[in-house]
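Here is the structure we will look at.
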């Protein structure tokens, strides 16, 4: 199966795209995908499932925003509605925001970049044939599918039954309206399917842990000759930091969710004050995982940006070691800041002060990265291709997300802003403005490698502009609403806040249209895209040294690794519309 | 209160806090306050808003710097005809790295310090503060005053330190008054405390900021700040509503104020307990098989000893109101139930149940004080 040698980019340019063995045509049939141990196919399958969940969470985000723009959401108008209908309407809203939050967090943002881009790119960047434990990798994927189907079904059933109570006789009650955080004692009182939903999240945790183990082992064992730790691409450093968090924090989530299930099933008395438990303890447990989880979401995004900014600026990354160390610093410091979610909960002023101080310490490594990305562009040769446009969007949105964190880290201002739309805006800038934007940028960047097809730069640029404008319209206004006192998770609001909700909803539709255009561009590329050269961007990381799409075994011979960001040897060759190594 | 107004806000342009308006920060705050942060009405405003606008303008500066560099680099170094990157460009500088690590460290430590300082003021109420008990439950607020009066809205005197001692009956709620810049969770099984001094008379929004289920978004209330000298009068009148309102109005007020409405509807729908609509004069089937006519004696017994007879189909979950409701309050409730029952066709008195009698009032104050102590 490796009888066909890895083609060189400059000989027989046609053969590398159209004929020849690659991972996509290597074998056929459902089982050859569902039970494959090929990291590339697993990455693609993750990609399809995760984009499906993004679509699900996104559609419900649009429905949520639409509900908030209707007259019924304004409390002034409540007198015009039947009280029973109002309650029903609020139930639907509560189920929906829980679905949106839980699907986006557990099924898109947390697994997103590591599972899709990490799985596809990590072994290629290492010049390896696969991850360290290919079968374990397949097991993670199967566990992900099981866990995600449980969670998604519970959430979706809840929304459907809340909307159409008649359905309950066919699909049963259930659903979840506790918010994705499952705060006790509300999650004890709630008669929704807390146990089933937490079980789904519990199962997903194993997928996350096993992927983390696999990545760490791969980076320790499979680095090729010449790739010392400090010659490892920065995306891998970011994945390493992420994997540390997945390994250390996810078990705490698993324990927390088990305790929650035990509490509901057996009335143990850990979290429920009526049984002698402490509801604040739950928040400590929950955020001990969920704050580091924020860095599971954002570290890989930073890694993607580090790769993209250097490749499309055609210049060596600036401050390699500071970016690498800052990933590890964020991973470690991220464990000591969870209490900043609880400044108003009644935890002691001393704890508040310590958590506030530690929170500010995490801001420094993030700032270092931003300055280094900007400096990478200095005196480079910036190609404004779609991935680079996403880099620029990312830097601006991440800057806003990070800077607004200063208001929330400072105790006096956080007391006012906590649990308002200011928080909603802040975490959408960090999670969506950073992670989703980096995911899209990374998908465009590695798209030619994954599919062997080029995409339309024009449509890509228009979609990116729509996403950027729509995103800011939707969420920047929410900072203002929050500072004015609009609390979050509200199905309705007083008249003062109506204008903000109307603007935000308008923006959401621009954002949604932009994202559908991205999807259109990808589908169009799959059907009609021009064949991709092995190295369309001239990057020097190893994944660009095999053909596009890569053969089943990635590399015939393990390529020799040098400085991953020294791109001087790659010269543009018009005849193949890609870069070739000068000395070949 | 409407935000986003483009007309200068006279209040924010003329801060009453003297000696403060000279600072640069406050000038910036005035420019920003047309968009950000509601008008302040408490002692925290200058400190919280000052810090808010300091961080705000720092963010604007930083963002403009990042944006400026980005635009400059994209314009100067973008790939275009005739442009070749001047290679090799530097890709490391320890001096630069240290600069942009150390300067932000000092800046954020400064922000931490001012945030902490402001928070310490919030955490330490003055010893002579006027104390109000807060009970949060799905989905309403109860404010219990030192004389035993219970109200769904928070009333406070201006320029007086107020301490709120908060508890929750069910799940976690959070008391949030945007105009006062305060927020504190009400946690079941714990007492949490917060305090403030209102500086402007008027009505302000009070929200629940911690998600607490179905009607979270309508669990709102109003803070009324009374001008100097008017609060005591309001409190006396409010506590004496039995002397000023007709029995039906008073009964309905008690029904809404004292938590009856959480479990018993007045429109005929079953809830945690039976509805009060058409209850009076109806014959109820009990869990023990007996049948009881819902008359005055039965209703009074059900309020004072809720477990004595349980209506078939319901659980024994109601707490006793013994020592919490006076006889005249129970009478008002019974008259209110009569007024919403089709089984009752007699006359209901319209005169207040209690006379404005000095002696009676003193006695009542005494009894309600014992009640408050009993609750604690």
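Protein chains in written order, with the working numbering: chain A, 1 to 584; chain B, 1001 to 1376.
Quick reminder that beta carbons are idealized off the backbone N, C-alpha and C, glycines included.
Contact annotation: residue 1168 (chain B) and residue 1187 (chain B) have beta-carbon atoms nearer than 7 Å.
By the beta-carbon neighbour count (other beta carbons within 10 angstroms, threshold 16), residue 498 (chain A) is buried. For residue 1062 (chain B), the closest Cβ of chain A is nearer than 7 Å. The DSSP-derived three-state label of residue 135 (chain A) is helix. Here DSSP, grouped into helix, strand and coil, assigns residue 1129 (chain B) to coil.
CA-CA distance, residue 275 (chain A) to residue 1307 (chain B), rounds to 22 Å. Fully contained in the region 29 to 100 of chain A are the following alpha helix (DSSP H) runs of length 4 or more, in chain order: 30 to 34 and 39 to 69. In this structure, residue 1125 (chain B) and residue 1193 (chain B) form a Cβ contact; the two beta carbons are roughly 7 Å apart against a cut-off of 8 Å. Annotation: the continuous alpha helix (DSSP H) that includes residue 212 (chain A) extends over 194 to 221. For residue 384 (chain A), the three-state secondary structure derived from DSSP is coil. In chain order, 1169 and 1170 place their CB closer than 6 Å to the CB of residue 1137 (chain B), counting only its own chain and leaving out the 5 sequence neighbours on each side. In the assembly as shown, residue 1320 (chain B) is an exposed residue. Its beta-carbon has fewer than 16 other beta-carbons within 10 Å. Separation of the CB atoms of residue 1204 (chain B) and residue 1089 (chain B) is rounded to 57 Å, and the pair is thereby denied contact status at 8 Å.
Our two residues, residue 122 (chain A) and residue 26 (chain A), have alpha carbons roughly 20 Å apart in a direct line. Within chain B, no residue has its CB atom less than 8 Å from the CB of residue 541 (chain A), the nearest being about 15 Å off.
For the beta strand (DSSP E) assignment, the uninterrupted runs of no fewer than 3 residues enclosed by the region 1163 to 1209 of chain B are, from N- to C-terminal side, 1173 to 1177, 1182 to 1186, 1192 to 1197 and 1202 to 1208. Any Cβ of chain A closer than 7 Å to the Cβ of residue 1126 (chain B) would place that residue at the interface, and such an atom is absent. For residue 1100 (chain B), the enclosing alpha helix (DSSP H) covers residues 1094 to 1123. Residue environment analysis places residue 1338 (chain B) among the buried positions, since at least 16 neighbouring C-beta atoms fall within 10 angstroms of its C-beta.
The beta-carbon of residue 1065 (chain B) is placed no less than 7 Å from the nearest beta-carbon of chain A. For residue 574 (chain A), the closest of A:535, A:348 and A:546 by C-alpha to C-alpha distance is A:535.
The beta carbon of residue 131 (chain A) is closer than 6 Å to those of 39, 123, 137, 214 and 218 in its chain, skipping five residues each way along the sequence. Counting along the chain, residue 1283 (chain B) sits inside no alpha helix (DSSP H); it lies in the beta strand (DSSP E) bounded by residues 1283 to 1285. For residue 356 (chain A), the chain B residues whose C-beta falls within less than 7 Å of its own C-beta are 1112, 1115 and 1116, listed in chain order. Here residue 307 (chain A) is buried, its C-beta having at least 16 other C-beta atoms within 10 Å. Using a C-beta cut-off of 8 Å, the region 169 to 180 of chain A makes contact with the region 192 to 199 of chain A, since at least three inter-stretch Cβ pairs fall below that distance. With a cut-off of 8 Å on Cβ pairs, the region 365 to 380 of chain A is in contact with the region 1073 to 1083 of chain B, counting three or more such pairs. Exclusion of the five residues before and after residue 423 (chain A) leaves 408, 417, 482 and 488 as the residues of its chain whose Cβ lies within less than 8 Å of its Cβ. Among the residues of the region 14 to 44 of chain A, none has a Cβ less than 7 Å away from any Cβ of chain B. Distances from the CA of residue 1355 (chain B) to each of B:1202, B:1245, B:1175 and B:1231 were compared; the closest alpha carbon is that of B:1245. Take the alpha-carbon of residue 104 (chain A) and the one of residue 160 (chain A): they are about 18 Å apart. 7 Å or more divides the Cβ of residue 454 (chain A) from the Cβ of residue 538 (chain A). Interface flag for residue 1091 (chain B) against chain A is set, since a Cβ pair is found closer than 7 Å. In the DSSP assignment, residue 578 (chain A) falls within the beta strand (DSSP E) that extends over 578 to 581.
Under DSSP, residue 343 (chain A) forms no beta bridge with any residue. Chain B has no Cβ within less than 7 Å of the Cβ of residue 130 (chain A).
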